[in-house]
Structure formats: structure tokens, C-alpha cells
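Residue numbers (my numbering): 1 to 255. Heads up: the structure comes next, in C-alpha cells.
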Ligand SMILES: Nc1ncnc2c1ncn2[C@@H]1O[C@H](COP(=O)(O)OP(=O)(O)O)[C@@H](O)[C@H]1O
Ligand SMILES: [Mg+2]
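Given below as C-alpha cells:
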């Protein structure tokens with residue numbers, strides 16, 4: 001097994017405020033990790049430090065075995081930030097946005113090769129937007145736009161995929177499409193770190209849950225253990241609602 005991410009004693013300070021403290025996190029190749037925690041607990045900050053966007057103020061981190069401050073293999077990593085409004089006012093077709101995800105693979109100033117076009121086509125198919133390829137991004141729903149951003153990242157064929165709340169403000173059809181896409185990527189061997197508000201449609205293929213609380217890791221283990229650990233963390237799974245009411249009825253006398 002090879003280690004994709006290793007953070008030891010990681011800390012991040014923003015302004016004068018320590019936001020993350022003593023983060024020990026190891027992610028092996030092929031792991032699918034959900035990052036959970038209340039709003040403001042530091043999930044986005046952790047993800048931004050993993051992707052090299054924020055420097056650590058304490059501790060150390062390695063990506064693919066290389067210290068993060070000298071890491072230079074960025075095409076191996078794909079990052080979908082917490083939802084932004086890329087589409088607003090920017091005239092671009094779905095294909096153009098997704099093709100931007102291939103830039104790191106392109107030779108300077110040369111036209112797209114067949115491999116680039118195939119990667120774009122495959123990524124659009126993965127997120128279920130093949131029929132929208134020539135549409136303007138601004139005409140799509142919020143959920144479809146999120147899928148375009150995910151396709152852009154997939155087109156770069158990253159080994160480590162980091163997504164920050166891909167479901168936020170996304171309709172249920174798109175949520176399921178995103179979950180299906182990530183499940184296929186995971187099966188194909190990708191390593192995934194995904195910030196989620198709740199496991200929802202992702203539950204079936206999440207191996208491990210890491211919960212942040214006030215900038216520290218308060219839980220790291222099986223998703224099944226979270227409810228016991230902290231009932232305040234949202235981690236609804238697709239369990240049968242009938243099972244939930246079974247307990248209170250136990251022992252009741254039936255007529
Ligand atoms: N640029 C910043 N400067 C100062 N504080 C920040 C900045 N960004 C985020 N924070 C603070 O860091 C904490 C963690 O934020 P964040 O990582 O966005 O949490 P989450 O993603 O879990 O909601 C919050 O208290 C937030 O207010
Ligand atoms: Mg966040």
C-alpha cells in the first residue's frame with residue numbers, strides 16, 4: 001500500500017487565530033474518506049492545507065511521499081472547492097469548462113489531442129451531462145454546474161480527488177449523480193477525501209469518517225461508529241426508517 005497523504009501535528013493559523021491544531025491524518029491509496037463536522041469546525045481549512053493553498057503553521061505534511069512545501073506533482077491531485085459561482089457572467093460551454101481540466105496534461109500552445117478530447121468526453125459521461133456538452137454553463141441548474149466542476153477535475157485523471165461539500169445546494173438528482181460518479185472513481189482506484197454535511201447517498205462507499213471539532217480531529221474510524229461518538233454530527237445513512245422505531249416499541253404489550 002502506498003501513502004497518499006500524511007499529516008503530522010498539522011496546524012493552521014489564520015490571522016492570529018489557530019484554526020487547526022495537532023492534525024494527524026494518514027490516507028492510503030484507494031481510501032475513501034468523508035470529512036465531517038459542524039460549520040466552522042475547520043473542514044475547508046484542512047482541505048485547503050492538504051491541497052497546498054494554505055501553508056501549515058505547525059507540523060508537517062507529505063503528498064505522495066513528497067513534503068508538501070516542495071510538492072510539484074499537482075496534476076496527481078484534483079480539487080473541487082466549496083461551491084463557487086463560476087458560471088455567473090462567464091460565457092463558456094460545458095465542454096470548454098471541462099476541457100480546462102486537461103490543461104496540465106497539454107503541451108504548451110498545441111491543440112487538444114485525441115486523448116484530451118476522450119478524457120473530456122469520458123468525464124462528461126461520468127457525471128451524466130453528455131447531452132449538455134454544447135450548452136452554456138449559465139443555463140444549467142446549480143446541481144448540474146457542480147457536476148461540470150467535478151467533470152473538469154475528473155478530466156485531469158487525478159489520483160487523489162478532494163471535494164469540499166459537493167452536495168451543498170445541489171438537487172437530489174445531481175446528488176445521486178455525484179455519488180455514483182465518485183463511487184465509480186473509487187472502484188477504479190482513486191483516493192477520495194470528501195467534505196460532507198451528511199453521508200447520505202455517499203454512505204455505501206465511504207470507508208472511513210474523520211470528524212473535526214473546533215479544529216481538532218475528534219473521531220477517525222468506521223462511519224458506523226459516529227452516531228455513538230457524537231449524536232450532533234449529521235451522518236444520516238440510508239438505513240431503513242422502520243429499524244429506528246423498532247426499539248421504543250420493544251416490550252410494549254400488544255392487545
Ligand atoms: N480567511 C480566514 N481568516 C480568518 N478566519 C477564517 C478564515 N477562513 C475561515 N476562518 C475561520 O476558520 C474556522 C474554520 O472555518 P472553515 O474551515 O471554513 O470551517 P468549515 O469548512 O468546517 O465550515 C471558522 O471559525 C472560520 O470563521
Ligand atoms: Mg467549509
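A virtual CB, placed ideally from N, CA and C, is assigned to each residue, including glycine. These figures come from a predicted structure and were not determined experimentally.
For residue i, the three-state DSSP class (helix, strand or coil)
i, result
"residue 13", "strand"
"residue 31", "coil"
"residue 63", "strand"
"residue 69", "helix"
"residue 178", "helix"
"residue 93", "strand"
"residue 183", "helix"
"residue 25", "strand"
"residue 3", "strand"
"residue 18", "strand"
"residue 53", "coil"
"residue 101", "coil"
"residue 271", "No information on residue 271 is available, as it lies outside the stretch 1 to 255 that the chain covers here."
"residue 117", "helix"
"residue 188", "coil"
"residue 58", "strand"
CB of residue i within 8 angstroms of CB of residue j, strictly
i, j, result
"residue 194", "residue 152", "no"
"residue 12", "residue 51", "no"
"residue 215", "residue 42", "yes"
"residue 10", "residue 92", "no"
"residue 202", "residue 196", "yes"
"residue 81", "residue 156", "no"
"residue 160", "residue 147", "no"
"residue 59", "residue 8", "yes"
"residue 4", "residue 64", "yes"
"residue 20", "residue 2", "no"
"residue 177", "residue 210", "no"
Counterpart residues of residue i in DSSP-defined beta bridges
i, result
"residue 164", "195"
"residue 221", "209"
"residue 37", "212"
"residue 80", "163"
"residue 136", "93"
Residue i beta carbon near ligand 4 (any heavy atom closer than 7 angstroms)
i, result
"residue 167", "Judged by which ligands are present, ligand 4 is missing from the structure shown, whose ligands are ligand 1 and ligand 2."
Around ligand 2, Cβ to any heavy atom closer than 7 angstroms, ordered along the chain: 43, 44, 82, 164, 165, 195
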